[in-house]
Structure formats: structure tokens, C-alpha cells
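Visitor: Mind the numbering: the sequence shown is residues 693 to 796 in this note's numbering, read in order.
Ideal placement from N, C-alpha and C gives every residue a C-beta, glycine not left out.
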Amino acid sequence: DCFTIAEILALEDLGFCKKGEAGTLYDEGQLYVGGSLPVNTDGGLKASGHPVGATGVKQIVELVKQLRGDVKSGRQVKGAEKALAQNVGGSGATAVVTLLRRGN
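As C-alpha cells, then:
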């Protein structure tokens, strides 16, 4: 979420909802911790100053903490089993989707 609209577009482009419906997911509370599809549980890239060049690693660190149950301060997604990170570099020159799942 390097820009506010980026998160909404990504949710739609990744198929979590139809085009034009991502805002409704927010309105219904589905994208917050405790919702059916928690997104940016650490506040996202803008909340950490959008560390250009390190954004992908920053996202993965949060997801690993979530899957391990190591998140503090009410941000832990209970029973987290799977996680997804989506990252776009430059002006769309690179795009990466990383899928993670909790091990045994």
C-alpha cells in the first residue's frame, strides 16, 4: 500500500472481490484484525515510512510473525495459517506475490 488506492486495487486484482467492491469490505470490517480477510495488520507500508527497497522484506517479516503467533499489541490474527504479500516495484516494472503457510 505505497498509496491508499494501491491496497484497494490489489484486493480487486488478486481476486478477493470484484472490481469496485473492495471499499465494501472495509465498510463491513472484513479487512481488519478479527475480520474474515485481515490486511496490513501492522499498518502497511505507509505506517512504516514506506521503506523503498525493503518493502518486500518488511511485509514478509510481518507475515512470518503472524504465522508464528509472535505479534503483540492486539494485532495478532488468531489461528493464522496462510499469508499473502503483494509488492509492486517502480512504476509497475516488477510485481511479486508471495504465499506463505504455517509449518508444523
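Using the Cα positions of Leu701 and Lys757, report the straight-line distance between them to the nearest angstrom.
Guide: Distance between the alpha carbons of Leu701 and Lys757: 25 Å.
Visitor: Run the CB neighbour count on Glu773, radius 10 Å, all protein chains shown included, and call it buried at 16 or more, exposed below.
Guide: So Glu773 counts as exposed.
Visitor: Secondary structure at Val780, three-state DSSP: helix, strand or coil?
Guide: Strand, per DSSP.
Visitor: On the DSSP bridge list, what partners appear for Ala775?
Guide: In the DSSP output, where bridge partners are listed per residue, Ala775 has Leu792.
Visitor: In its own chain, which residues sit with a C-beta less than 7 Å from the C-beta of Arg793, not counting the 5 before and 5 after it?
Guide: Cβ within range, chain order: Glu773, Lys774.
Visitor: By Cβ distance, which residues of its chain are closer than 7 Å to Gln743, with the 5 residues on each side in sequence left out?
Guide: It should be noted that the sequence gives Pro, not Gln, for residue 743. Correct list, in chain order: Lys750.
Visitor: At what residues does the alpha helix (DSSP H) containing Thr716 begin and finish?
Guide: Note, Thr716: alpha helix (DSSP H), 714–719.
Visitor: Would you call the CB atoms of Ser728 and Asp734 closer than 9 Å?
Guide: For Ser728 and Asp734, no; Cβs fall outside 9 Å.
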